[in-house]
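So the structure is just underneath, and the comments pick up after that.
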Amino acid sequence: MSDWLSDQAGYVWLIIAALLAICELLIPGVYLTFIALGAAATGILALVFPELGAIGQFISFAAWSTVAVVVGKRWYGANPVPSADPDLNNRAARMIGQSVTVVEPISGGTGRVRVGDGEWPAEGPDLAAGDKARIVAVRGGVVVVEAVKAIEADLPDQPRDDQTQSKG
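In terms of the numbering used here, the sequence shown has 86 at position 84, counting the first letter as 1, and numbering is strictly consecutive.
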């Protein structure tokens, strides 16, 4: 049995590589992919060089796995996967741009605003309670706000009634 197993070592390494690749599909991350590449490289070497003993195969596996991990880490570090929503778990960053209501007057640069169903300490220009503001930044647990001006419609100049009447 032992002779048969040593004769089939290349196939055993390829089976191990396939099992590691399957496990990679079940486990989040990409670490097992690189170990599977090391096992596959060792399997190919064991098929090409059948005289390679068990010690040589383990050294080959360790070396190829290390190379694959180092190359993979460098590649993933240089090419990060972009997030569809980078602020997904950053509540403070998600608040930027929201309109809020001042609940405690902002006087001397500090006050409180209502954000959603909670209140946050705020910094910004002097505003009275009830005024509307917009969050422009977040520093730690303090929101930085700016006053929101009433929007005036940009209408073309309309002639006044006294200008439309003909002089006569």
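Quick reminder that beta carbons are idealized off the backbone N, C-alpha and C, glycines included.
Cβ separation of residue i and residue j, assumed to be a contact under 8 Å, to the nearest whole Å
| i | j | result |
| --- | --- | --- |
| residue 124 | residue 145 | 5 Å |
| residue 48 | residue 77 | Actually they do not touch by this definition, with Cβ atoms about 27 Å apart. |
| residue 100 | residue 137 | 5 Å |
Secondary structure of residue i, DSSP reduced to three states
| i | result |
| --- | --- |
| residue 74 | helix |
| residue 11 | helix |
| residue 105 | strand |
| residue 98 | coil |
| residue 184 | Residue coverage of the chain in this structure runs from 3 to 170, which leaves residue 184 outside it and unanswerable. |
| residue 37 | helix |
| residue 53 | coil |
| residue 69 | helix |
Straight-line gap, residue i to residue j (C-alpha atoms, nearest Å)
| i | j | result |
| --- | --- | --- |
| residue 27 | residue 33 | 11 Å |
| residue 128 | residue 79 | 45 Å |
| residue 85 | residue 131 | 38 Å |
| residue 148 | residue 81 | 37 Å |
| residue 105 | residue 116 | 6 Å |
| residue 74 | residue 143 | 37 Å |
| residue 23 | residue 13 | 15 Å |
| residue 68 | residue 35 | 12 Å |
| residue 87 | residue 30 | 19 Å |
| residue 134 | residue 83 | 38 Å |
| residue 111 | residue 126 | 5 Å |
| residue 55 | residue 90 | 51 Å |
For this session: Pair every Cβ in the stretch 61-71 with every Cβ in the stretch 33-46, then say whether three or more of these pairs are closer than 8 Å.
Result: Touching, per the Cβ criterion.
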